[in-house]
Amino acid sequence: MLGLENITKEYVTGDSKVEALKGITLQFRKNEFVSILGQSGCGKTTLLNLIGGLDRYTTGDLVINGNSKKDFKR
Ligand SMILES: Nc1ncnc2c1ncn2[C@@H]1O[C@H](COP(=O)(O)OP(=O)(O)O)[C@@H](O)[C@H]1O
Ligand SMILES: [Mg+2]
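The sequence shown runs 0 to 73 under numbering that gives the first Met the number 0.
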C-alpha cells in the first residue's frame with residue numbers, strides 16, 4: 000500500500016547539515032495501525048512530513064499502491 004525505499008532527508012541551513020533520516024525502508028499494510036516511537040530529535044516528525052507530502056525527501060523513493068511518488072504530478 001505505502002512503502003518507503005531507502006529514504007534519506009538532509010536539512011541544510013547555511014553551513015550546517017543535519018542528516019535527519021539515513022535510509023529508511025519500511026512497508027505499511029492496508030488498515031494497519033502503526034505508531035512511530037523514538038527519542039526527541041530522532042526524525043519522527045520528519046518521517047511523517049514526508050509520508051504526508053508536506054516536505055520532500057533528499058534521496059530514496061516513496062511508493063503508493065505500486066506507483067513511485069516520482070511519477071505523480073506536483
Ligand atoms: N526544519 C529543520 N531544519 C533543520 N533541522 C531540522 C529541521 N527539522 C528538524 N530538524 C532536525 O532533524 C532532526 C530530526 O528532527 P525531528 O524530525 O523533528 O525529530 P522528532 O520529531 O523525532 O523529535 C533533529 O536533529 C532536528 O534538529
Ligand atoms: Mg516531532
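Quick reminder that beta carbons are idealized off the backbone N, C-alpha and C, glycines included. None of these values were measured; they are calculated from a predicted model.
Check: residue i C-beta below 7 Å from any heavy atom of ligand 1
{"i": "K21", "result": "no"}
{"i": "S39", "result": "yes"}
Helix, strand or coil at residue i according to DSSP, with G and I counted as helix
{"i": "L72", "result": "Inspection of the sequence shows that residue 72 is occupied by Lys rather than by Leu. Reduced to three states, the DSSP call for K72 is coil."}
{"i": "I50", "result": "helix"}
{"i": "T57", "result": "coil"}
Check: residue i C-beta below 7 Å from any heavy atom of ligand 3
{"i": "K8", "result": "Summarising the ligand content, the structure contains ligand 1 and ligand 2 and does not contain ligand 3."}
Residue i: CB within 7 Å of a non-hydrogen atom of ligand 2
{"i": "K29", "result": "no"}
Residues that DSSP places opposite residue i in a beta bridge
{"i": "V17", "result": "Y10"}
{"i": "I23", "result": "I6"}
{"i": "L1", "result": "F27 and I63"}
Legend entry - Three-pair Cβ contact test at 8 Å for the region 9–18 versus the region 47–55: no
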